[in-house]
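Quick note, the sequence shown lines up with residues 1 to 226 if you use full-length UniProt numbering. Take a look at the structure set out below.
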Amino acid sequence: IALFYSEGVEHCEEWSKNITQQIDLAFNIFFMVYFFIRFIAASDKLWFMLEMYSFVDYFTIPPSFVSIYLDRTWIGLRFLRALRLMTVPDILQYLNILKTSSSIRLAQLVSIFISVWLTAAGIIHLLENSGDPLDFDNPHPLPYWTCVYFLIVTMSTVGYGDVFCHTVLGRTFLVFFLLVGLVSSIVFTCFYNIISLLLERKGRAVMSPRELTALLWKTFNYPFFF
């Protein structure tokens, strides 16, 4: 999908002459077949339809077929496909590459970070290149990989200032994205301190941050989110 990001968010070209659209269609046919296989194998059909990966397929597969009819490509929400990277640890575990629980947890955390990072960069890319509604008259041409660079620099609180959001929607999303990350880190720290205090009062050993991370992972590792 990243092949499209160097060409802007929308362009008109005959599908038969656009190699990137053909490659994208091939991948989406694979994901569509995989979707129906998972649907048939799912024990709870309703729960399957509400899974995160199902919504990823809803927003990424149909645009590939629509572009064939219209001879026009619009990226839309195709960046959500990056969330599929969160399944990499499961694949590595099935291949017996990840064997220990610590390596599995580390791979899961890394895959979540990378997938959220790439997805958020896709949102910035879409908002900046589209402009603000209702007229969409202030687009800010920004390549996808520049958005990836901008986001990691901003997340690390370095903020060189060489790249920044011009649109109101882009700035609004960035503010909420950073606030969610900040609140998450604060909640984790407070939760760790509370649990440690309760365990200390009961005369039990205080959990290390690594042990608490493992506990939180087991607690919140539901299929809908991961």
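Where a beta carbon is used, it is the ideal one built from N, C-alpha and C, also for glycine.
**Asked** Would you call the CB atoms of N96 and I61 closer than 7 Å?
**Response** Here residue 96 refers to the residue found at position 96 of the sequence shown. Here residue 61 refers to the residue found at position 61 of the sequence shown. Taking 7 Å as the Cβ cut-off, N96 and I61 do not qualify as a contacting pair.
**Message:** Just to confirm the assignment, what range does the alpha helix (DSSP H) spanning W47 have?
**Reply:** Here residue 47 is taken as the residue at index 47 of the sequence shown, counted from 1. From DSSP, the alpha helix (DSSP H) with W47 extends over K45 to M49.
**Request:** Could you tell me the distance, in whole angstroms, from the CA atom of V88 to the CA atom of T146?
**Result:** As a first step, residue 88 must be located in the sequence shown, where it is residue number 88. As a first step, residue 146 must be located in the sequence shown, where it is residue number 146. Taking the straight line from one Cα to the other gives about 25 Å.
**Prompt:** Are the Cβ atoms of W117 and I68 separated by less than 7 Å?
**Reply:** Translated into positions along the sequence shown, residue 117 becomes position 117. Translated into positions along the sequence shown, residue 68 becomes position 68. With contacts defined by Cβ atoms closer than 7 Å, W117 and I68 do not form a contacting pair.
**Request:** Following the continuous beta strand (DSSP E) through W15, name the residue where it begins and the one where it ends.
**Result:** Within the sequence shown, the letter at position 15 stands for residue 15. Premise fails: W15 is in no beta strand (DSSP E) and is neither H nor E.
**Asked** So, is C190 buried or exposed, given that buried needs 16 or more other C-beta atoms within 10 angstroms?
**Response** Numbered from 1 along the sequence shown, position 190 holds the residue referred to as residue 190. C190 comes out exposed.
**Prompt:** Just how far apart, CA to CA, sit S185 and T20?
**Reply:** Locating residue 185 in the sequence shown gives position 185, where the first residue counts as 1. Locating residue 20 in the sequence shown gives position 20, where the first residue counts as 1. Their Cα atoms are separated by approximately 39 Å.
**Prompt:** So T157 and E128 are in contact, right, with Cβ under 8 Å, and what is the actual spacing, rounded?
**Reply:** Along the sequence shown, one-based indexing puts residue 157 at 157. Along the sequence shown, one-based indexing puts residue 128 at 128. T157 to E128, Cβ: 21 Å. No contact.
**Asked** Per DSSP, R72 is paired with what?
**Response** Sequence index remark: in the sequence shown, residue 72 carries index 72 (1-based). In the DSSP output, where bridge partners are listed per residue, R72 has C12.
**Message:** Does the structure place the region 101-112 close enough to the region 63-80 that three or more beta carbon pairs sit under 8 Å?
**Reply:** Pairwise C-beta distances place the region 63-80 out of contact with the region 101-112, as fewer than three of them are shorter than 8 Å.
**Prompt:** With 16 as the cutoff for other CB atoms within 10 Å, does S111 come out buried or exposed?
**Reply:** Here residue 111 refers to the residue found at position 111 of the sequence shown. Buried.
**H125: first and last residue of the uninterrupted alpha helix (DSSP H) it sits in** = On the sequence shown, residue 125 is found 125 positions in, with the first residue counted as 1. Segment S101 to S130, the alpha helix (DSSP H) holding H125.
**Prompt:** In angstroms, rounded to a whole number, what distance separates the CA positions of K17 and D71?
**Reply:** Indexing the sequence shown from 1 puts residue 17 at position 17. Indexing the sequence shown from 1 puts residue 71 at position 71. Approximately 10 Å between the Cα atoms of the pair.
**Request:** Inspect the beta-carbon positions of G170 and I114 and report whether they are closer than 7 Å.
**Result:** As a first step, residue 170 must be located in the sequence shown, where it is residue number 170. As a first step, residue 114 must be located in the sequence shown, where it is residue number 114. Cβ atoms of G170 and I114: not closer than 7 Å.
**Asked** If you draw a straight line from the alpha carbon of Y5 to that of I75, how long is it in whole angstroms?
**Response** Position 5 of the sequence shown, counted from the first residue, corresponds to residue 5. Position 75 of the sequence shown, counted from the first residue, corresponds to residue 75. In this predicted model, Y5 has a pLDDT of only 44, less than 50, meaning its place in the structure is not dependable; the value taken from the coordinates is given anyway. Separation of Y5 and I75 (C-alpha to C-alpha, rounded to the nearest whole angstrom) is 8 Å.
**Item:** Environment of C12 [buried if 16+ CB atoms lie within 10 Å]
**Value:** For the purposes of this step, residue 12 is identified with residue 12 of the sequence shown, where counting begins at 1. C12 comes out exposed.
**Request:** Ignore the nearest five residues each way along the sequence and tell me which others in D132's own chain have a CB closer than 7 Å to its CB.
**Result:** The residue labelled residue 132 in the question sits at position 132 within the sequence shown. Shown here for D132: same chain residues with a beta carbon closer than 7 Å to its own, the five before and five after excluded, namely N138, T167, V168 and L169 in chain order.
**Request:** Please say whether L80 and F59 have beta carbons closer to each other than 7 Å?
**Result:** Indexing the sequence shown from 1 puts residue 59 at position 59. Indexing the sequence shown from 1 puts residue 80 at position 80. Contact flag set, yes.
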